[in-house]
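Below: one structure, written as structure tokens.
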Amino acid sequence: MFDAAVYETLMLALEDGAVAMPDMGPVLFLRAEVSPYLSGLPKDRLVCQNSFKPDHDALKAAGFEMLPPETETFPATALTLILPPRQKDEARGLFARALRDAPEGGILLACLPNTLGAKTNEKILGEIAGDTDSLSKNKCRAFWTVKDSTQINHALMDQWIALDSPQEMESGLWSRPGLFSWNRVDAGSEILADSIPEYIKGHGADFGAGQGFLAREVLSNCPNVEHMRLLEAEHRALACIDKTMAGFENWDAKWADATKDAGERLYDFIVMNPPFHVGRADAASLGQDFIRAASRALKTGGQLWLVANRHLPYEQILGECFKGHEMLEDEGGYKIIRAEKPKRKR
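The sequence shown begins at -5 in the working numbering and counts up one residue at a time.
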């Protein structure tokens, strides 16, 4: 979800001449988000990248040129704009790839709110690039560097790129920085996996599948499940899913916004640990949208199994979408809920 203050501060660096907009050639924007401020950039020369499907689709619908979501080698452009992600190792990897692929003399310009580590991220960029400059406004910081290969810490740059790649975090489970609970099994997901009965059967789905933990546990422990579909909006997760699910054949994964792309009346059961953040902000409404989508995607007698933080307000929407629901467990700040028989609009 775009932050007006971040965009305004980013644009200020260009408007006041601190960073020069190239007169010709493409301008690269990594992790771009739809915003009215994009009108201040040369749309016919702007090349955008975002691996998160809702943002990718919104930019594409607005007419911007998009790199394929799997892109991790970027075109050489005189100016690269960056909205760094929250997770530090993911941000390091993005800075490192952007610096690696920029031409000599190319400028990298990034911006973040102060409360989300703007000064720290400027320091991170400086660790591999050398000198940085910055300006502050709107409680945000825009910071930039000019690529000078004699100043680059190439060993550290390569190290950060390697760290921001799929890696085995425990036996058979692969993940990477930036994914939810990327370096450990989320406690809520683990409780949900233990709560799903072995007798479930048929065709199932995992909404917001992450690195594939829940789907792997279902297929490992529920012999009557015929097929699992994993829906995940962050394309960076798909390579991890492929590795996590390598020992199974009865599954497929789809880069999808589960709230919009899940389909109707397809599944006998759905499991999920729904997200409750939009960009950098808490949003319980996102989890509620997952529940609505699940009710549409389930067959008439289907069941939803979900885990949520205890405080999240899901019970009302569950009552609106399903004929029955119950809390099965309340443990460690998490609640396990089973809902069944989705209601159909008449």
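From the three backbone atoms N, C-alpha and C, an ideal C-beta is built for every residue, glycine too. These numbers come from a predicted model, not from an experiment.
Straight-line Cα distance separating residue j from residue i
| i | j | result |
| --- | --- | --- |
| S33 | G57 | 12 Å |
| A(-2) | A136 | 13 Å |
| T253 | T71 | 35 Å |
| F177 | Q297 | Note that residue 177 corresponds to Asn in the displayed sequence, not to Phe. Taking the straight line joining both Cα atoms gives about 30 Å. |
| M15 | P48 | 28 Å |
| R230 | W168 | 12 Å |
| E2 | D200 | 38 Å |
| G120 | T139 | 8 Å |
| V13 | G19 | 16 Å |
| M239 | F316 | 31 Å |
| R274 | N115 | Low per-residue confidence applies at R274: pLDDT is 46, beneath 50, and the placement is therefore not dependable, though the value from the model is reported in the following sentence. Looking at the two C-alpha atoms, the distance is approximately 16 Å. |
| R86 | E243 | 35 Å |
| H197 | T67 | 37 Å |
| K248 | D51 | 15 Å |
Boundaries (first-last residue) of the alpha helix (DSSP H) holding residue i
| i | result |
| --- | --- |
| A321 | This sequence places Met at residue 321; Ala is not what is there. Element bounds for M321: not the alpha helix (DSSP H) but the beta strand (DSSP E), F316 to E325. |
| P107 | Careful: P107 lies outside any alpha helix (DSSP H), inside the beta strand (DSSP E) at I101 to P107. |
| G281 | A278 to A291 |
| K47 | K47 to A55 |
| M5 | A(-2) to E9 |
Expected contact under 8 Å - CB spacing of residue i and residue j to nearest Å
| i | j | result |
| --- | --- | --- |
| M266 | A288 | 7 Å |
| M151 | L93 | 6 Å |
| V0 | L77 | 7 Å |
| L300 | K131 | L300 to K131, Cβ: 42 Å. No contact. |
In DSSP terms, what residue i is bridged to
| i | result |
| --- | --- |
| S169 | Q161 |
| C234 | Note: C234 sits in no beta bridge, so no partner. |
| Y261 | L292 |
CB contact below 8 Å: residue i versus chain B
| i | result |
| --- | --- |
| A(-1) | Annotation note: the requested chain B is absent from the structure, which comprises a single protein chain. |
Residue interval of the beta strand (DSSP E) (run including residue i)
| i | result |
| --- | --- |
| E243 | Where E243 is concerned, there is no enclosing beta strand (DSSP E), given that its DSSP letter is neither H nor E. |
| P336 | Y328 to P336 |
| S130 | D127 to K131 |
| G206 | First-last for G206: undefined, no H or E at that position. |
| R223 | V219 to E226 |
Any non-hydrogen atom of the ligand SAH closer than 7 Å to residue i Cβ
| i | result |
| --- | --- |
| P107 | Ligands are entirely absent from the displayed structure, and the ligand SAH is therefore not among its contents. |
Does the region 214 to 231 come close enough to the region 175 to 195 to have 3 or more Cβ pairs within less than 8 Å?
In this structure the region 214 to 231 touches the region 175 to 195; the number of beta carbon pairs closer than 8 Å is three or more.
If you pair each beta-carbon of the region 278 to 285 with each one of the region 307 to 320, do three or more pairs fall below 8 Å?
Segments in contact, yes.
For the region 11 to 27 against the region 41 to 51, do three or more pairs of beta-carbon atoms, one drawn from each stretch, fall closer than 8 Å, so that the two count as touching?
Proximity of the region 11 to 27 to the region 41 to 51 meets the contact definition, three or more beta-carbon pairs being nearer than 8 Å.
I want to know whether the region 322 to 338 touches the region 200 to 209 - three or more CB-CB distances under 8 Å.
Short answer: they don't touch.
Should the region 123 to 138 be regarded as contacting the region 155 to 162, the criterion being three or more beta carbon pairs within less than 8 Å?
As far as the Cβ criterion goes, the region 123 to 138 does not touch the region 155 to 162, which means the pair count is below three.
Decide yes or no for the touch test of the region 168 to 184 against the region 140 to 151: beta carbon pairs closer than 8 Å, at least 3 of them.
Taking one beta carbon from each stretch, the region 168 to 184 and the region 140 to 151 have fewer than 3 pairs nearer than 8 Å; the two do not touch.
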